[in-house]
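Undergrad: So that we are looking at the same thing, I have put the structure below in structure tokens.
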Amino acid sequence: EGRPATPARQPARGTTHRLARRITRTAAAWLPALPLLVFTLGMLVLPALRLVHDTFALRSGGYGMDNIAKVADNPVDREAIVNSLELGALQATLAAAIGMPAAWLISRMRVAGRATWLALMNVASNFAGIGLAFGFVALIGTTGMLTHLLDVSFPATGSFTGMNIAYLYFNIPMFVLLTLPAMAVLKDDWWEAAQVCHANRWQFWRRIGAPVLAPFAAAGWLLIFTWTIGIYAVAYALASGPQSVKLITLQIGATLESSVFGLERAAVLSVLLMLLAIVSTVLYRLAVRRATRWL
Numbered sequence: 035e036g037r038p039a040t041p042a043r044q045p046a047r048g049t050t051h052r053l054a055r056r057i058t059r060t061a062a063a064w065l066p067a068l069p070l071l072v073f074t075l076g077m078l079v080l081p082a083l084r085l086v087h088d089t090f091a092l093r094s095g096g097y098g099m100d101n102i103a104k105v106a107d108n109p110v111d112r113e114a115i116v117n118s119l120e121l122g123a124l125q126a127t128l129a130a131a132i133g134m135p136a137a138w139l140i141s142r143m144r145v146a147g148r149a150t151w152l153a154l155m156n157v158a159s160n161f162a163g164i165g166l167a168f169g170f171v172a173l174i175g176t177t178g179m180l181t182h183l184l185d186v187s188f189p190a191t192g193s194f195t196g197m198n199i200a201y202l203y204f205n206i207p208m209f210v211l212l213t214l215p216a217m218a219v220l221k222d223d224w225w226e227a228a229q230v231c232h233a234n235r236w237q238f239w240r241r242i243g244a245p246v247l248a249p250f251a252a253a254g255w256l257l258i259f260t261w262t263i264g265i266y267a268v269a270y271a272l273a274s275g276p277q278s279v280k281l282i283t284l285q286i287g288a289t290l291e292s293s294v295f296g297l298e299r300a301a302v303l304s305v306l307l308m309l310l311a312i313v314s315t316v317l318y319r320l321a322v323r324r325a326t327r328w329l
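Counting from 1 along the sequence shown, just add 34 to a position and that's the residue number in this note's numbering.
Have a look at this one:
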């Protein structure tokens, strides 16, 4: 009598080795991204979870909707929310209306001209912050250079109109840079084919050009909208007067500076910005997915 054979052990051992090798390869592939993942966890995920917690946590203990109700009942916060949404929508619309034709013209330029305009757009889109705000104050402010030179009164830099003027300086170039690659989707062959079918320019743009570029324009609109409502540095520097426009980011900053109303107010407004960003990102992905059908 011999010992019974155990043929099932060898396949199990081979499966274990294959699983171990797969785990090792996966870990090695993700290892270079480990610093980024740790940074994202510490600087994005954990703060976001803390904001959500503070939004619903009550001072008396437990959780509820009282903090959200206080913000909703506060006329200053309601005004800030409405102003931010209006500013973002108006900026995105103006940037699209001006930037889309500009991107089309730049895409049809010669290489040298296109390179020059791209350099200018890159500089303008990145010149956004405290420096830009001070530049506009020095240019069209109450004691600005153009104000004295032309002897005219420009809109207050902290007003809704003044904010729009300053924001357009970097939002239009940013929209051009976002949509410029999409202009290559429209092939010259399409216009030649439309001419063969006796179509004029209006018919070409109405039937072909506009439907193809519309998803790209919508994606750029959403990015500019989200970017605008989240700006703080430019708005903070421009809105120095008591009659300046109220925005969500400015209300968050004022709450953190004073802490008179408690930090839960800042948490509620921050979570609102997060929700707006998430919704815009989802819509952006849908627009890009529709646009990439032509790539």
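Glycine residues also receive a C-beta, built at the ideal position from the N, C-alpha and C atoms.
If you drop the 5 nearest sequence neighbours on each side, which residues of the same chain put their C-beta closer than 7 Å to that of N108?
TA: Contacts found: none.
Undergrad: So which of V145, A253, T289 has the shortest CA-CA distance to M208?
TA: With distances taken between Cα atoms, M208 lies closest to A253.
Undergrad: Apart from the five residues just before and just after G264, which ones in its own chain have a Cβ nearer than 8 Å to its Cβ?
TA: For G264, where only same-chain residues beyond five positions count, the Cβ hits under 8 Å are T283, L307, A311.
Undergrad: Helix, strand or coil: how does DSSP classify T289 here?
TA: Of the three classes helix, strand and coil, the one that applies to T289 here is helix, per DSSP.
Undergrad: Pick from L202, M143, F170: whose alpha carbon is nearest that of Q125?
TA: The candidate whose alpha carbon is nearest that of Q125 is L202.
Undergrad: Please tell me whether V268 and A106 are closer than 9 Å, where the distance is taken between their beta carbons.
TA: Not closer than 9 Å, so no.
Undergrad: With respect to the alpha helix (DSSP H) encompassing F238, which residues constitute its N-terminal and C-terminal limits?
TA: First-last of the alpha helix (DSSP H) with F238: 235-238.
Undergrad: Using CA atoms only, rank isn't needed, just tell me which of L297, L256, K104, W224 is closest to T315.
TA: It is L256.
Undergrad: Excluding sequence positions up to five away, which residues of its chain have a Cβ less than 8 Å from the Cβ of L85?
TA: Only A301, S304, V305, M308 meet the Cβ criterion.
Undergrad: Exposed or buried, what is D222 when buried is set at 16 or more other beta-carbons lying within 10 Å of its beta-carbon?
TA: The residue in question, D222, is exposed, as its Cβ has fewer than 16 Cβ neighbours within 10 Å.
Undergrad: For A228, I'd like the list of residues in its chain whose CB is within less than 6 Å of its CB, leaving aside the five on either flank, ordered along the chain.
TA: Taken in chain order, the residues that qualify are F238.
Undergrad: Please classify A103: does DSSP put it in a helix, a strand, or coil?
TA: It is helical.
Undergrad: What would DSSP say about A325, mapped onto helix, strand or coil?
TA: Here A325 sits in helix by DSSP.
Undergrad: Could you check the C-alpha separation between L65 and G76 for me, to the nearest Å?
TA: In a straight line, the C-alpha of L65 is about 17 Å away from that of G76.
Undergrad: Take M55 and list the residues in its own chain whose beta-carbon comes closer than 6 Å to its own, dropping the five residues that flank it on each side.
TA: The question names Met, but residue 55 in the sequence shown is Arg. Excluding sequence neighbours, R55 sits near nothing in its chain.
Undergrad: Please classify D111 as buried or exposed, where buried requires at least 16 neighbouring CB atoms within 10 angstroms.
TA: D111 should be labelled buried.
Undergrad: What three-state label does DSSP hand Y97 in the structure shown?
TA: In this structure, Y97 counts as strand in the three-state DSSP scheme.
Undergrad: Between T185 and the rest of its own chain, which residues show a CB-CB distance below 6 Å, the 5 nearest in sequence each way excluded?
TA: Here the sequence assigns Asp to residue 185, which means Thr is not the residue at that position. Hits under 6 Å: none found.
Undergrad: DSSP three-state label for A162, please.
TA: Reduced to three states, the DSSP call for A162 is coil.
Undergrad: Answer yes or no: do N117 and L281 have a C-beta to C-beta separation smaller than 9 Å?
TA: Result yes, Cβ atoms of N117 and L281 sit closer than 9 Å.
Undergrad: What do you reckon, are the CB atoms on I286 and V210 nearer than 9 Å?
TA: No.
Undergrad: Let me know if N160 comes out buried or exposed under the rule of 16 or more other beta-carbons within 10 Å of its beta-carbon.
TA: N160 is exposed by the Cβ-count criterion.
Undergrad: Buried or exposed for S278, please, with buried defined as at least 16 other CB atoms from any protein chain shown within 10 angstroms of its CB.
TA: S278 should be labelled buried.
Undergrad: Should L272 and G165 be called a contact, given that it needs their Cβ atoms to be closer than 9 Å?
TA: No. Outside cutoff.
Undergrad: Report the three-state DSSP secondary structure of A311 (helix, strand or coil).
TA: Of the three classes helix, strand and coil, the one that applies to A311 here is helix, per DSSP.
Undergrad: Return the residue from the list N198, L173, S193 that minimises the CA-CA distance to T262.
TA: Among N198, L173, S193, the Cα nearest to that of T262 is on N198.
Undergrad: Reducing DSSP to helix, strand and coil, say where L211 ends up.
TA: Helix at L211.
Undergrad: From the DSSP output, read off the bridge partner residues of A91.
TA: Paired residue(s): Y97.
Undergrad: Rounded C-beta distance between T213 and A251? I'm assuming under 8 Å.
TA: Confirmed, Cβ separation roughly 7 Å.
Undergrad: So the alpha helix (DSSP H) G133 belongs to, where does it begin and stop?
TA: Start and end: 109-141.
Undergrad: With DSSP as the reference, label D223 as helix, strand or coil.
TA: In this structure, D223 counts as helix in the three-state DSSP scheme.
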